[in-house]
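For the sequence shown, the numbering used here assigns the number 7 to the initial residue and increments by one for each residue that follows. Beta carbons: idealized from backbone N, C-alpha and C, even for Gly. Quick notes on the structure that follows.
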Amino acid sequence: MGDSGGLLVPLIPAVTIGVVYLGAEKIITSQTNARIANPIAYPNFANAVRDLSVRSGIPMPRLYVMDGFKQPNACAFGNGMFGYSIGITDSIYRMMTPEEMRAVLAHEVAHIKSGDVAIATTAVLVAGTAVFSRKEIR
7 MGDSGGLLVP LIPAVTIGVV YLGAEKIITS QTNARIANPI AYPNFANAVR DLSVRSGIPM
67 PRLYVMDGFK QPNACAFGNG MFGYSIGITD SIYRMMTPEE MRAVLAHEVA HIKSGDVAIA
127 TTAVLVAGTA VFSRKEIR
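Here you go:
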């Protein structure tokens, strides 16, 4: 009988990939202090994404607002298995006109439609797993 410890080396990264991939949205929202965007409080956000989603033929993403960021930003995230999400900082919502906000959101919807978000999520997982595996093998 061989050393069964050798089986753990590939198993640990595989389990880690699964957990991170399935929990990507939760990880991102907790790290960015994001909360579900109330469409009544953020009508320009909700209406623009709804319209852009219909026009581009993608399912409506979940919408998040990331509180406490001075730097204006927006991002699309998720793994595709459970849908995608778009998050905006509260600062970008306050500073942009509805037309500017729509342009930013069109950019994020395009990332979802083109598959960039799924590719980026996978790339981060592969890179993280490679680093983790290398440390475990040493």
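What distance in whole Å lies between the Cβ atoms of A124 and G86, which are believed to be in contact at a cut-off of 8 Å?
Between A124 and G86 the Cβ distance is about 5 Å, and since that is below 8 Å, they are a contact.
Could you check the C-alpha separation between A133 and A30 for me, to the nearest Å?
In this model, A133 and A30 are separated by some 15 Å (Cα to Cα).
If you draw a straight line from the C-alpha of M102 to the C-alpha of L58, how long is it?
Using only the alpha carbons, I get a separation of about 18 Å.
So the beta strand (DSSP E) T95 belongs to, where does it begin and stop?
Taken as a continuous stretch (DSSP letters only), the beta strand (DSSP E) holding T95 covers G89 to T95.
Mapping DSSP to helix, strand and coil, what is A126?
Note: A126 maps to helix in three-state DSSP.
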